[in-house]
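Structure first, then comments.
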Amino acid sequence: MHTANKKMAKVKITQVRSTIGRPEVQKRTIAALGLGKINRTVEKELNPAVQGMINAVNHLLVVEQA
């Protein structure tokens, strides 16, 4: 029962730079976030896994509170 009722923060993630010429691992991270084209936006719950993916490709993204 440690975090069962705790609400996770939501974030809006927008891809603003292309993955052309980027390492394959960064392309896969973008795909795992549900992105893939410039100006695509997804809304995700901010958990440690999503935070790690955002940190790995933050130079390609803009992140806002949802």
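Take the sequence shown: its position 36, counted from the start at 1, is 269 in our numbering, and no numbers get skipped.
Glycine residues also receive a C-beta, built at the ideal position from the N, C-alpha and C atoms.
Here the structure is a predicted model, which is why all the values come from computation and not from measurement.
DSSP-derived helix/strand/coil call for residue i
{"i": "residue 277", "result": "strand"}
{"i": "residue 295", "result": "strand"}
{"i": "residue 195", "result": "No statement about residue 195 is possible, as the shown extent of the chain runs from 234 to 299 and does not include it."}
Through-space distance from residue j to residue i, alpha-carbon basis
{"i": "residue 243", "j": "residue 299", "result": "5 Å"}
{"i": "residue 296", "j": "residue 266", "result": "12 Å"}
{"i": "residue 287", "j": "residue 294", "result": "8 Å"}
{"i": "residue 277", "j": "residue 259", "result": "18 Å"}
{"i": "residue 269", "j": "residue 290", "result": "12 Å"}
{"i": "residue 240", "j": "residue 280", "result": "10 Å"}
{"i": "residue 282", "j": "residue 254", "result": "25 Å"}
Counterpart residues of residue i in DSSP-defined beta bridges
{"i": "residue 248", "result": "294"}
Original post:
Does the stretch 247 to 257 come close enough to the stretch 269 to 276 to have 3 or more Cβ pairs within less than 8 Å?
Top reply: yes
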